[in-house]
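These notes are about the structure you will find just below.
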Amino acid sequence: MSQPEEQPSEEVVFHRVARAGQVPEGYIRRFYVGDLECAVARLRGQVFATSNYCTHLDCLLSSGKIIDDGIRCSCHGSVFDLETGDPIYPPATEPIAVYPVREEDGEVYVGVSEADVVSGGPRRRRLRRD
Numbered sequence: 389m390s391q392p393e394e395q396p397s398e399e400v401v402f403h404r405v406a407r408a409g410q411v412p413e414g415y416i417r418r419f420y421v422g423d424l425e426c427a428v429a430r431l432r433g434q435v436f437a438t439s440n441y442c443t444h445l446d447c448l449l450s451s452g453k454i455i456d457d458g459i460r461c462s463c464h465g466s467v468f469d470l471e472t473g474d475p476i477y478p479p480a481t482e483p484i485a486v487y488p489v490r491e492e493d494g495e496v497y498v499g500v501s502e503a504d505v506v507s508g509g510p511r512r513r514r515l516r517r518d
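Just so you know, we're using the working numbering here: the sequence shown kicks off at 389 and counts up by one.
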């Protein structure tokens, strides 16, 4: 009799992604936790981590800009709240994933579940070429 396949854990584990100096105020950087691609940014001294893909058309948020309200996608101008992931300016209508962050001893850690790492999290859709 075969055993049921074990599901990845939903427990959040913190992974080191960068030195604190690699995430300067007002900038976005792309980092990976396994296959999970994150946009990591610092705004008003606080570090935030989100999915790196805009929910409108999958553009890279790490290519965007930090503005007073949040993270702005470079493709069509959607803006997302860095704390909640909620879209605050269109055209995006769906939130982006957000991940907890710790900054300790000059290092930045992003908290993700095993399920996020295994799935690679939200990522670009593959375009079909017929």
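Where is the CB? At the ideal position from N, CA and C, for every residue including glycine. The structure displayed is predicted, hence computed values, not measured ones.
N-terminal and C-terminal residue of the beta strand (DSSP E) that I454 is part of: Segment 453 to 455, the beta strand (DSSP E) holding I454.
S462 by DSSP, collapsed to three states: which one? In the structure shown, S462 sits in coil (DSSP, three-state: anything other than H, G, I, E or B).
Report the three-state DSSP secondary structure of F402 (helix, strand or coil). Strand, per DSSP.
Proximal residues to E495 (C-beta, below 7 angstroms), its chain only, five neighbours per side dropped: Only R404, R407, A408 meet the Cβ criterion.
Could you give the DSSP three-state label for S397: helix, strand or coil? In this structure, S397 counts as coil in the three-state DSSP scheme.
Rounded to whole angstroms, what is the Cα-Cα separation between V435 and F419? Approximately 13 angstroms, taken between the alpha carbons.
What residue does the beta strand (DSSP E) around S439 start on, and which one ends it? Taken as a continuous stretch (DSSP letters only), the beta strand (DSSP E) holding S439 covers 434 to 439.
Limits of the unbroken beta strand (DSSP E) element including C442: Here C442 belongs to no beta strand (DSSP E), and DSSP marks it neither H nor E.
Run the CB neighbour count on T481, radius 10 Å, all protein chains shown included, and call it buried at 16 or more, exposed below. That one is exposed.
Thinking V498 and V428 are a contact (beta carbons under 8 angstroms), I'd like their distance in whole angstroms, please. 7 angstroms between Cβ atoms; contact.
At which residues does the beta strand (DSSP E) containing I476 begin and terminate? Start and end: 475 to 477.
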